[in-house]
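So the sequence shown is residues 1 to 447, counted in UniProt numbering.
Backbone N, C-alpha and C fix where the C-beta goes; we use that ideal spot for every residue, glycine too.
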Amino acid sequence: MFESGTTILSINQTFNDIFSTCNNILMIFGCWFLFKKCGVKRIWALIPFAREYHMALCADKEKEGRVFAVTTFFYYLIMLTLIVIDGPEEVELLLLIPLIALYVTNVIYTIRIYLGLIKMFGLKKKWIIPLIIFDGPVLILWGVVPKYVPEKKVVQVAKNGAKELGKNIMAASEGLTVNITERTVIDFFRKKTLLKDIHMAIPRGHMVLLLGGSGAGKTTLLNAVTGYEKADASVMLDDNDVYKDYQKMKYDIGFVPQQDLMRGNDTVEMTLTDAALMRLSADASIMERENRIANMLDQFGLTAVRNSLVEKLSGGQRKRLSIAMEFISNPSLFILDEPDSGLDGVVARSLFEKLREIADEGKIVLVITHTPDRVIDLFDDVIVLAKDATRTGRLAWYGPVKEAYEFFGKNSMEEILLSINQKDEGGEGKADEFVEKYADRIKEKVG
């Protein structure tokens with residue numbers, strides 16, 4: 001009787017193994033045909049984890065695909081560990097807890113992705129039941145039968161961007177010249193273009209606003225310009241190549257982040273002393289450092305609070321100290337990310353007037369701010385970055401502020417921003433239109 005039961009269990013296990021193997025093979029074939037219809041490279045159907053992620057792309061569920069691929073990887077990793085190790089029962093029980101959690105997560109995200117596929121193919125939700133039970137055969141059906149057509153293809157998102165300028169700007173003997181072909185990253189099994197076709201020449205003495213919506217590539221552009229994250233690009237500051245001479249040029253570029261990076265229990269003077277040790281050349285004498293610190297205290301109105309603790313400073317004083325910490329090296333290019341964050345209008349205005357004075361000394365000042373209209377009269381030029389149809393950061397404008405109003409047909413920077421933002425972000429969705437219009441404008445000028 002016992003042997004009979006064991007035989008039945010063995011047959012049942014064998015049947016389950018055969019069913020699982022056949023379904024996995026059918027799943028591969030299903031993805032092979034489905035990926036062709038959805039515009040995904042079919043080779044991904046053969047690669048575990050990447051297969052699941054690209055299926056999610058077909059369903060327009062990219063975020064769910066990331067989670068599903070990662071949880072699937074760790075699920076099988078724990079399964080393999082349980083098979084290989086011969087440890088105590090307590091260890092196996094301990095591993096079962098995350099295994100069950102990962103399994104439940106996989107089921108939830110599988111349903112989300114499959115519902116996305118059903119919606120993408122314009123089918124009814126009742127397809128979810130056969131898709132969960134017999135996903136391989138169903139995917140083959142959708143991939144082979146002509147009447148099943150997805151609403152959009154993944155490849156369309158990668159090809160239909162605005163046309164490019166495709167020409168480098170000649171490097172100026174004085175100033176910043178930026179020629180970025182593209183800035184790309186490998187993002188979860190695929191190449192993602194963050195910036196593309198950015199060309200500009202900024203003269204010394206100019207204060208420039210960097211304008212763009214969320215995800216337009218403002219921070220990516222700044223990182224590419226400073227050499228912190230190199231792009232396929234040429235960045236020249238005067239006659240110096242920022243990328244080739246990075247170790248030398250990094251002292252000639254100042255960057256003030258949005259968050260203040262200083263210790264609250266240090267005094268103002270101690271903070272500037274530390275900044276001088278880090279930012280000034282190792283060849284600088286003690287006297288040169290002390291003179292530079294004194295100049296910064298005076299220039300940024302911090303002499304009266306030189307012995308005060310940083311944590312006791314007002315918001316405006318802290319921000320001026322942050323700027324002084326970077327400006328202590330007397331950089332030619334000065335970049336600030338939202339220096340007016342958290343400041344009221346009067347204090348912010350005073351801060352931007354100080355930046356205007358720095359630009360008038362022959363420096364290049366490049367600023368990101370979310371409230372540009374209250375200080376726009378202090379800027380010479382504006383850079384407008386926009387996300388095109390491929391969600392890639394593109395140059396929609398670089399030039400004088402007054403000409404930008406005419407180019408976009410708007411009366412404020414806020415209105416310009418709304419015109420280039422995507423419709424799903426509450427904008428007018430005209431990014432590609434202005435990117436192409438600007439490219440045509442530059443082609444006419446450079447020939």
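Check                                                                                                                                                                        : Outcome
Does the beta-carbon distance from histidine 206 to aspartate 381 come in below 8 angstroms?                                                                                 : yes
Give the range of the beta strand (DSSP E) segment to which methionine 207 is assigned.                                                                                      : 207-212
Would you kindly work out how many angstroms separate the C-alpha atoms of isoleucine 113 and arginine 204, rounded to a whole number?                                       : 52 angstroms
Skipping 5 residues on each side, what residues in its chain have a beta carbon closer than 7 angstroms to that of isoleucine 140?                                           : Leu26, Phe29, Gly30 and Phe33
From tryptophan 142 to lysine 126, what distance separates their C-alpha atoms?                                                                                              : 15 angstroms
In three-state DSSP terms, what is valine 154?                                                                                                                               : coil
Thinking C-beta only, is glycine 213 closer than 8 angstroms to asparagine 411?                                                                                              : no
Run through DSSP, which three-state label would lysine 159 get?                                                                                                              : With a pLDDT of only 47 at lysine 159, under 50, the local geometry of the prediction cannot be trusted, and the value read off the model is given with reservation. Lysine 159: helix per DSSP, three-state reduction.
Using the beta-carbon count (16 or more within 10 Å), is proline 98 buried or exposed?                                                                                       : exposed
Please classify glycine 426: is it buried, with 16 or more other beta-carbons within 10 angstroms of its beta-carbon, or exposed?                                            : exposed
In terms of DSSP beta bridges, what is valine 144 paired with?                                                                                                               : The partner list for valine 144 (beta bridge, DSSP) is empty, contrary to what the question assumes.
Exposed or buried, what is lysine 443 when buried is set at 16 or more other beta-carbons lying within 10 Å of its beta-carbon?                                              : exposed
Take every Cβ of the region 370-380, pair it with every Cβ of the region 287-295, and state whether three or more of those distances are shorter than 8 angstroms.           : no
Along the chain, where does the alpha helix (DSSP H) that runs through glycine 116 open and close?                                                                           : 89-120
Does the distance from the C-beta atom of alanine 216 to that of threonine 177 stay below 8 angstroms?                                                                       : no
Comparing C-alpha positions only, which one of Thr219, Ser308 and Phe408 sits nearest to isoleucine 335?                                                                     : Thr219
Using only CA atoms, which one of Tyr75, Ala59, Lys37 and Val235 lies nearest to proline 48?                                                                                 : Tyr75
Tell me the rounded alpha-carbon separation between arginine 42 and serine 329.                                                                                              : 53 angstroms
Between Leu385, Pro331 and Asp344, which lies nearest to aspartate 251 when the distance is taken from Cα to Cα?                                                             : Before going on, a small fix: residue 251 reads as tyrosine here, not aspartate. Answer by Cα proximity: Pro331.
Leaving out the 5 sequence neighbours to the left and right, which residues in its chain are closer than 6 angstroms to alanine 69 when beta-carbon positions are compared?  : Phe49, Glu52 and Tyr53
Taking its Cβ as the centre, do 16 or more other Cβ atoms sit within 10 Å of aspartate 344, making it buried, or is it exposed?                                              : exposed
Applying the criterion that 16 or more other CB atoms from any shown protein chain within 10 Å of the CB defines a buried residue, is isoleucine 286 buried or exposed?      : exposed
Is it the case that the region 347-357 contacts the region 188-201, given that we only count it when at least three CB pairs across the two stretches are under 8 angstroms? : no
Work out the CA separation of alanine 56 and arginine 66 for me, nearest whole Å.                                                                                            : 8 angstroms
Can you find at least 3 beta carbon pairs, one from the region 235-254 and one from the region 397-404, that sit closer than 8 angstroms?                                    : no
The alpha helix (DSSP H) spanning glycine 316 covers which residue range?                                                                                                    : 315-327
Alpha carbon to alpha carbon, how far is lysine 124 from leucine 93? Give it in angstroms, no decimals.                                                                      : 41 angstroms
List the endpoints of the continuous beta strand (DSSP E) containing serine 234.                                                                                             : 232-237
Whose C-beta lies closer than 8 angstroms to the C-beta of lysine 36 among residues of the same chain, with five residues either side of it excluded?                        : Arg42 and Gly143
Helix, strand or coil: which one does DSSP assign to asparagine 307?                                                                                                         : coil
Just how far apart, CA to CA, sit cysteine 38 and arginine 183?                                                                                                              : 26 angstroms
Would you check if the distance between the CB atom of leucine 313 and the CB atom of leucine 321 is smaller than 8 angstroms?                                               : yes
Do you know offhand how far methionine 296's Cα is from glutamate 436's?                                                                                                     : 44 angstroms
Between alanine 231 and isoleucine 186, how many whole angstroms is the CB-CB distance? I'm expecting something under 8 angstroms.                                           : That pair is no contact at about 14 angstroms.
Could you check if tyrosine 109 is buried or exposed, using at least 16 other CB atoms within 10 Å of its CB as the buried criterion?                                        : buried
Would you decide whether threonine 303 is buried or exposed? Buried here means 16 or more other CB atoms lie within 10 Å of its CB.                                          : exposed
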